[in-house]
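Here the protein sequences line up with chains A and B, keeping their order. Position one of the first sequence corresponds to residue 1 (UniProt numbering), numbered consecutively onward. Position one of the second sequence corresponds to residue 1 (UniProt numbering), numbered consecutively onward.
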Amino acid sequence: MSAILQGAGAGAAAALTPFNSIDSNKFVAPSRSSLSVRSKSYIVAGSDDGTNKSFGSSSLIARRSQPLMIPNAVTATKADTAASSTSLKSGHELLLYEALQEGLEEEMDRDPHVCVMGEDVGHYGGSYKVTKGLADKFGDLRVLDTPICENAFTGMGIGAAMTGLRPIIEGMNMGFLLLAFNQISNNCGMLHYTSGGQFTIPVVIRGPGGVGRQLGAEHSQRLESYFQSIPGIQMVACSTPYNAKGLMKAAIRSENPVILFEHVLLYNLKESIPDEEYICNLEEAEMVRPGEHITILTYSRMRYHVMQAAKTLVNKGYDPEVIDIRSLKPFDLHTIGNSVKKTHRVLIVEECMRTGGIGASLTAAINENFHDYLDAPVMCLSSQDVPTPYAGTLEEWTVVQPAQIVTAVEQLCQ
Amino acid sequence: MATAFAPTKLTATLPLHGSQENRLVLPIRLAPHSSFLGSTRSLTLHSSRRLNHAHATRRSPPVVGVQEVVKEKKSINSLLITKEEGLVLYEDMILGRSFEDMCAQMYYRGKMFGFVHLYNGQEAVSTGFIKLLTKSDSVVSTYRDHVHALSKGVSARAVMSELFGKVTGCCRGQGGSMHMFSKEHNMLGGFAFIGEGIPVATGAAFSSKYRRDVLKQDCEDVTVAFFGDGTCNNGQFYECLNMAALWKLPIIFVVENNLWAIGMSHLRATSDPEIWKKGPAFGMPGVHVDGMDVLKVREVAKEAVTRARRGEGPTLVECETYRFRGHSLADPDELRDAAEKAKYAARDPIAALKKYLIENKLVKEAELKSIEKKIDELVEEAVEFADASPQPGRSQLLENVFADPKGFGIGPDGRYRCEDPKFTEGTAQV
């Protein structure tokens with residue numbers, strides 16, 4: 001397992017380093033990982049807390065011009081902490097899996113009803129180390145090592161949630177949750193409704209998915225495709241340490257069942273995140289790189305392929321706007337819509353398979369809602385409709401690569 | 001040449017009800033010359049000795065075989081219940097029976113639709129267990145859940161309205177026959193797929209344990225999970241037996257073995273049809289009890305519930321019972337043998353309790369009659385209430401999809417969709 005992660009780090013270093021180290025010399029508000037420095041020297045921040053803020057420095061403005069009507073529960077990023085635009089005053093560096101762990105631990109400290117259950121989450125510390133050390137701190141019942149019975153322990157988590165606890169159910173690999181489909185679809189998604197609103201199911205179902213490094217077909221699945229139709233659940237995908245921690249906390253605090261998709265290859269991403277507490281909005285997308293020519297919508301690992309392609313595109317004179325949609329269900333049609341209205345061209349880059357993936361749904365949603373603003377058909381780059389092959393070369397051709405993204409943008413922008 | 005799948009006639013001979021309390025003999029006769037795919041074992045339980053033998057293999061304190069308890073108590077001339085208890089049990093069973101009979105009527109009159117599964121004949125199991133529980137104990141059931149809900153305390157009005165699909169139903173008309181939920185009474189459903197409720201029950205039991213051991217609250221709540229013989233071949237059942245025994249969860253697994261899963265005989269589906277034996281395989285006691293006798297069920301239930309409350313872990317109780325009607329109101333019920341039905345009809349749990357109460361001079365006939373009358377009126381009133389209740393309006397369609405309606409997301413205009421006035425009217429597109 002560690003070999004895979006190291007391979008991920010080394011082999012795709014260029015694609016996988018956090019964005020803020022790619023372009024900027026100027027420093028940026030420490031609370032935001034997804035920033036770009038533009039030639040006009042203003043910095044646009046992802047509006048993770050949904051409030052209309054201006055940072056202390058005149059060189060920084062918040063992107064979101066319309067505040068959300070329902071403000072987010074938190075955040076401690078006050079204007080003054082970002083006043084100094086150059087140094088990282090309050091922040092600490094960590095890897096994505098540590099950020100998840102931090103978020104989890106903070107929530108478990110905050111509310112004793114929060115508990116974790118899954119295979120090897122306790123003594124082993126989690127197969128991707130997300131729950132490392134937690135069993136020692138919180139005990140074997142709060143960090144429960146389950147036997148290998150996904151359907152039953154997912155259902156158990158749901159029953160516990162109905163009776164007042166707030167479990168986080170880990171699928172060791174998201175693919176294993178196929179065995180829990182009965183519980184996730186019928187009980188997790190539906191029980192709040194079929195009980196007439198009497199029972200809430202505040203579970204978080206999380207785990208690593210996506211195509212890794214030669215993990216083979218079954219361990220390389222994209223369950224977001226399969227779960228997206230289930231009514232009553234929300235789905236989010238994290239892609240940076242910052243949003244991983246923020247989404248983890250938001251998901252735990254949410255009264256709705258939330259499925260948090262992590263990616264096998266992103267656990268070792270390093271980034272600096274704030275020391276202060278913050279959460280990310282579950283329903284919002286993240287502006288990664290503002291632009292004028294084309295809107296590129298992506299999430300999870302593909303974000304990094306897109307950003308790598310963006311470097312090439314910028315050199316070729318294009319100005320792509322990159323949005324990490326983060327919320328796979330529901331889509332943040334406001335952020336997406338504003339972008340479409342600006343650029344009139346959309347490219348979706350996803351890791352799901354061509355058929356029935358998130359991209360397919362997003363294409364439909366954009367066509368339905370923003371048809372008038374499009375100057376070209378929405379293009380969607382997805383993985384091949386193929387069981388992910390083991391061989392490295394075949395696997396590489398299964399998923400979307402930066403070169404294809406560049407070609408697609410050139411095509412769309414003709 | 002008979003094919004492997006030729007239906008066979010399975011008949012059971014039963015002991016004379018009320019006598020031979022130490023033996024439950026159920027030899028199965030097969031129609032001649034058929035090759036029969038299914039268990040060839042006969043369901044034979046000779047004596048309580050056999051139950052104790054099974055218990056010896058587990059590591060927990062013995063559960064006394066129910067027959068012994070009954071025999072013991074009867075031999076010292078004391079009764080199993082007081083008059084008050086007897087009346088409570090009787091009323092609950094009469095409520096279950098009358099309600100279900102009324103459901104059948106209403107269904108054929110077009111007041112309720114879909115799949116409706118009636119509980120006639122199995123009342124002793126529901127009453128026997130649930131009347132021992134407190135309000136904060138939880139019950140989890142299957143699609144055959146009307147009577148479990150009623151026994152747990154959900155009003156007949158709420159259940160009937162739910163069946164009629166009205167807003168006054170316990171689930172606002174959104175659940176229907178197979179989804180009876182009540183937060184107030186801790187009725188955790190009502191599940192349409194067999195087996196999918198058992199993990200939920202296990203979770204409720206886990207909550208109890210968590211409250212006690214982690215939150216240090218005074219929590220003695222137990223969970224009773226009801227399900228049928230067909231479910232006992234399903235993976236979720238076994239997965240939950242394992243987890244419950246492993247962590248000593250305060251749960252009682254109650255198998256309502258009515259010998260039939262729609263048209264599939266238990267013996268044709270199960271390699272070892274003695275379900276109670278599967279308990280000790282996981283390290284919990286397995287008990288078999290006559291599910292047509294509410295007093296026997298109650299004695300076993302007492303023991304199992306006490307075990308669970310003391311933190312000693314789960315129990316698997318197999319209740320031999322029978323449904324007098326088909327699987328559902330849509331089931332023509334052609335496969336079951338008339339003789340089998342007649343044998344079990346003679347063991348009607350309500351008649352048996354009535355006989356016990358009268359013979360032991362606990363009550364007079366008139367008192368029972370007045371209960372029956374009272375219940376008839378209650379059920380009639382429930383129907384009237386349901387009839388008069390309004391149907392859900394358009395605005396209710398999206399209301400309970402999410403506990404937090406922000407889950408519908410942010411619309412193109414930047415506002416959360418749930419803030420759109422059309423949303424609450426139910427006319428917004430989502």
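Virtual Cβ for every residue (Gly too), placed ideally from N, Cα, C. All figures in this text were calculated on a predicted structure; none of them were measured in a lab.
From this set, the options, which residue's C-alpha is nearest residue i's C-alpha?
i, options, result
"SER339 (chain A)", "A:ILE358, A:LEU374 and A:GLY317", "A:LEU374"
"GLY283 (chain B)", "B:PRO199, B:THR315 and B:ASN120", "B:THR315"
"ALA330 (chain B)", "B:MET106, B:ILE94, B:HIS117 and B:GLU196", "B:HIS117"
"LEU397 (chain B)", "B:LEU188, B:LYS131, B:ALA281 and B:PHE423", "B:PHE423"
"THR82 (chain B)", "B:ASN360, B:GLU365 and B:VAL401", "B:ASN360"
"PRO402 (chain A)", "A:ASN367, A:THR312 and A:GLN411", "A:THR312"
"VAL378 (chain A)", "A:LEU94, A:GLY207, A:GLU396 and A:VAL409", "A:VAL409"
"LEU241 (chain B)", "A:ASP120, A:ALA152 and A:SER361", "A:ALA152"
"GLN411 (chain A)", "A:ALA376, A:LEU134 and A:GLN384", "A:ALA376"
"residue 438 (chain A)", "A:GLN234, A:PHE261, A:VAL236 and A:GLN101", "A question about residue 438 (chain A) goes unanswered here, because the residues of chain A that appear run from 1 up to 414."
Locate the alpha helix (DSSP H) running through residue i, then write down its first and last residues.
i, result
"ARG211 (chain B)", "197 to 213"
"PHE99 (chain B)", "83 to 108"
"VAL368 (chain B)", "The amino acid occupying residue 368 (chain B) in the given sequence is Leu; Val does not appear at that position. Note, LEU368 (chain B): alpha helix (DSSP H), 365 to 388."
"VAL305 (chain B)", "294 to 309"
"ASN234 (chain B)", "Per DSSP, ASN234 (chain B) belongs to no alpha helix (DSSP H) and is neither H nor E."
Quick check on DSSP: helix, strand or coil for residue i?
i, result
"ILE148 (chain A)", "coil"
"CYS188 (chain A)", "helix"
"LEU394 (chain A)", "helix"
"PHE261 (chain A)", "strand"
"MET287 (chain A)", "strand"
"THR298 (chain A)", "strand"
"PRO202 (chain A)", "coil"
"ALA408 (chain A)", "helix"
"TYR416 (chain B)", "strand"
"GLY122 (chain A)", "coil"
"ASP109 (chain A)", "helix"
"LYS216 (chain B)", "coil"
"GLU274 (chain B)", "coil"
"GLY155 (chain A)", "helix"
"ASN367 (chain A)", "helix"
"THR3 (chain B)", "Residue placement at THR3 (chain B) is poorly supported in this model, since its pLDDT is 42, which falls under 50; the coordinates still yield a value, given next. Of the three classes helix, strand and coil, the one that applies to THR3 (chain B) here is coil, per DSSP."
"PHE423 (chain B)", "helix"
"GLY210 (chain A)", "coil"
"PRO167 (chain A)", "strand"
"ILE348 (chain A)", "strand"
Terminal residues of the continuous beta strand (DSSP E) containing residue i?
i, result
"GLN234 (chain A)", "234 to 237"
"LEU381 (chain A)", "379 to 383"
"HIS185 (chain B)", "Per DSSP, HIS185 (chain B) belongs to no beta strand (DSSP E) and is neither H nor E."
"THR223 (chain B)", "223 to 228"
"VAL322 (chain A)", "320 to 324"
Please compile the residues from chain A whose C-beta is within a distance smaller than 7 angstroms of the C-beta of residue i.
i, result
"GLU196 (chain B)", "GLY155, ASN182, GLN183, ASN186 and ASN187"
"GLN217 (chain B)", "Simply none; closest approach about 10 angstroms."
"MET292 (chain B)", "Result: empty, since nearest Cβ-Cβ is about 30 angstroms, beyond 7 angstroms."
Please list the partners that residue i has in chain B, where partner means a Cβ-to-Cβ separation under 7 angstroms.
i, result
"LEU165 (chain A)", "SER207 and TYR210"
"ASN243 (chain A)", "Residues of chain B passing the Cβ test: none, with the nearest at roughly 17 angstroms."
"GLN308 (chain A)", "Chain B residues near GLN308 (chain A): none, gap ~29 angstroms exceeds 7 angstroms."
"PHE199 (chain A)", "PHE181 and LYS183"
I want to verify the contact list: residues of chain B whose CB lies under 8 angstroms from the CB of residue i, in sequence order.
i, result
"ASP332 (chain A)", "GLY409 and ILE410"
"HIS192 (chain A)", "ASN400, VAL401, PHE402 and ALA403"
What residues from chain B crowd round residue i, counting only those whose CB sits closer than 9 angstroms?
i, result
"ILE358 (chain A)", "Per Cβ cutoff of 9 angstroms: no residues; ILE358 (chain A) is ~14 angstroms from chain B at best."
"ARG345 (chain A)", "In chain order: nothing, as chain B lies at least about 18 angstroms away."
"ARG142 (chain A)", "TYR210 and VAL214"
Using a cut-off of 8 angstroms between C-beta atoms, extract the partners of residue i located in chain A.
i, result
"ALA204 (chain B)", "GLY159, ALA160, MET162 and THR163"
"ASP413 (chain B)", "HIS334"
Using 8 angstroms as the threshold, is the segment 190 to 197 of chain B in touch with the segment 139 to 151 of chain B, meaning 3 or more CB pairs across them? Contact between the segment 190 to 197 of chain B and the segment 139 to 151 of chain B is present, because at least three Cβ pairs lie under 8 angstroms.
So does the segment 154 to 164 of chain A actually touch the segment 125 to 135 of chain A, counting three or more Cβ pairs closer than 8 angstroms? The segment 154 to 164 of chain A is not in contact with the segment 125 to 135 of chain A.
Touch check for the segment 247 to 267 of chain B and the segment 173 to 181 of chain B: three-plus C-beta pairs under 8 angstroms? No, the segment 247 to 267 of chain B is not in contact with the segment 173 to 181 of chain B.
Just checking, does the segment 158 to 168 of chain A make contact with the segment 208 to 219 of chain A on the three C-beta pairs under 8 angstroms criterion? No, they do not touch.
Cβ contact check for the segment 194 to 209 of chain A and the segment 327 to 346 of chain A: 3 or more pairs under 8 angstroms: With the cut-off at 8 angstroms, the segment 194 to 209 of chain A and the segment 327 to 346 of chain A do not touch.
Check whether the segment 292 to 307 of chain B and the segment 226 to 236 of chain B are in contact - that is, three or more C-beta pairs closer than 8 angstroms. Segments in contact, no.
Assess, as a yes-or-no matter, whether the segment 386 to 394 of chain B is touched by the segment 314 to 325 of chain A under the definition of 3 or more beta carbon pairs within less than 8 angstroms. Touching, no, given that fewer than three Cβ pairs across the two stretches are closer than 8 angstroms.
Evaluate contact between the segment 294 to 310 of chain A and the segment 259 to 266 of chain A, counting only Cβ atoms and requiring at least three cross-stretch pairs below 8 angstroms. With a cut-off of 8 angstroms on Cβ pairs, the segment 294 to 310 of chain A is in contact with the segment 259 to 266 of chain A, counting three or more such pairs.
Could you tell me whether the segment 253 to 264 of chain B touches the segment 91 to 103 of chain B, using the rule of 3 or more Cβ pairs below 8 angstroms? Segment contact: the segment 253 to 264 of chain B against the segment 91 to 103 of chain B, fewer than three CB-CB distances shorter than 8 angstroms; contact not assigned.
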